[in-house]
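Shown next, in C-alpha cells, is the structure this report addresses.
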Amino acid sequence: MGRHNLQYPKDSTNTIKRYKVHGVYDLETVHSIVNTCPILHVSFNTPSQPFPVVLPMIGQLGSFDRPSADLRDPLELYLHGYVSSRMMNLAQATEEQGMPVCVAASHVDGLVLTLATFSHNYNYRSAVLFGYATTVKTDEEKLYAMELISNSVVTDRWRHTRQPPLASEMQSTNILKVRIESASAKISAGSTTDDKSDLENKELVASTWTGVLPVYQTIGEPIPGPYNTAKVPEHVSDFSKDTNDQRKQRSLEAAEGERRAT
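Using UniProt numbering, you'd call the opening residue of the sequence shown number 1 and step up by one each time.
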C-alpha cells in the first residue's frame with residue numbers, strides 16, 4: 001500500500017493566484033526545492049524600519065524530534081546565523097510565538113526563447129515558506145542543526161572536519177528554527193509555445209531561432225587551499241560529480257517536458 005502524499009492546506013497566505021496550474025502544495029516537492037537551494041532569502045519586519053528586511057541565509061529542513069523523517073514529512077527549517085545579529089535578537093524577543101518570517105527558494109532550469117519576446121519564459125522551481133522563527137535553546141539541537149546544515153553544503157562534510165565545535169564556536173553561532181505554518185511551490189517547465197498568428201508567419205518562423213537554453217549551476221574542479229596537504233577526498237569528488245549530474249539532468253528534463261496551459 002502506497003504512502004499518502006501530504007499537502008500543505010491552501011489558505012489566503014500560500015494559495016497561488018497567478019497561473020494556478022503551476023502551483024504545487026505537496027510537502028515532498030516544496031521541501032525538495034528548499035533543501036536543494038544553496039541560498040534562502042528570509043524576510044521579516046523590524047519595529048524600527050519602515051521596510052521589510054530580506055537576508056540571504058543558509059538553511060535546511062529537518063526534524064530534531066524525528067531524525068528519520070524525510071521530505072514527505074512535516075519538518076522545521078533551521079537557519080544558521082551569528083549570535084548577536086539583528087534577526088537573532090528579534091527572534092529572542094518574540095520567543096513565545098516566534099518571529100513571523102517568509103522564506104523563499106528559487107531555481108532557474110532554463111531560458112525559453114520564442115518567436116515573440118512577449119512569450120519568452122523561464123523554466124523554474126520556486127517555493128515559499130511562511131512560519132514563526134525561534135532560537136534553538138539546547139546544545140543537542142544546535143549540534144543537530146549545525147551538522148544538518150553543514151552536510152547540506154557538501155554531503156557528509158561534518159564528519160570529515162574537526163569535531164566537536166569549540167565552546168567559542170558554539171557561543172558565537174545561533175540557530176533559528178522556523179515552525180512552518182503554510183507553504184507552496186510554483187513550477188514551470190517545458191519547451192516553447194507561441195501564438196497561432198506568429199506560427200503561421202512563415203518568414204518569422206524561418207528567421208527566428210526558438211528553443212530552450214538549459215540552465216544549471218555546476219561545481220568546478222577543486223582548487224587546493226594555500227596550506228592544504230591532503231588529496232581531494234572521495235566525499236568531495238563524489239558530491240561534485242553527483243550534484244553536477246543531477247542538476248544537468250533536471251534542467252534537461254525541464255526543457256523536454258510539456259508546458260502546462262496557463
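By construction, the Cβ of each residue, glycine as well, lies at the ideal position given by its N, Cα and C atoms.
The structure presented is a predicted model; accordingly, all values stated were derived computationally and were not measured.
No Cβ-Cβ contact shorter than 8 Å links Tyr78 with Ile180. For Glu256, the closest alpha carbon among the candidates Asn244, Thr192, Asn89, Lys196 is that of Thr192.
For Lys177, the secondary structure class from DSSP, reduced to helix, strand or coil, is strand. Leu213 counts as exposed, since fewer than 16 other beta carbons sit within 10 angstroms of its beta carbon.
Ile219 sits close to Asn244, with the two beta carbons spaced by under 8 Å.
Per the coordinates, the alpha-carbon of His120 lies some 20 Å from the alpha-carbon of Arg250. Note that the C-beta distance between Ala183 and Val128 is below 8 Å. Residues Leu115, Ala116, Leu204 of the same chain have their beta carbon placed closer than 7 Å to that of Asp198, with the five preceding and five following residues left out of the count. When the Cα atoms are used, Thr229 and Ser150 turn out to be separated by approximately 22 Å.
Residue pairing by DSSP places Phe130 opposite Cys102, Ser182 in a beta bridge. In the DSSP secondary-structure assignment, Asn121 is bridged to Val112. For His4, the secondary structure class from DSSP, reduced to helix, strand or coil, is coil. Two segments are said to touch when three or more pairs of C-beta atoms, one from each, lie closer than 8 Å; by this definition the region 57-68 does not touch the region 19-26.
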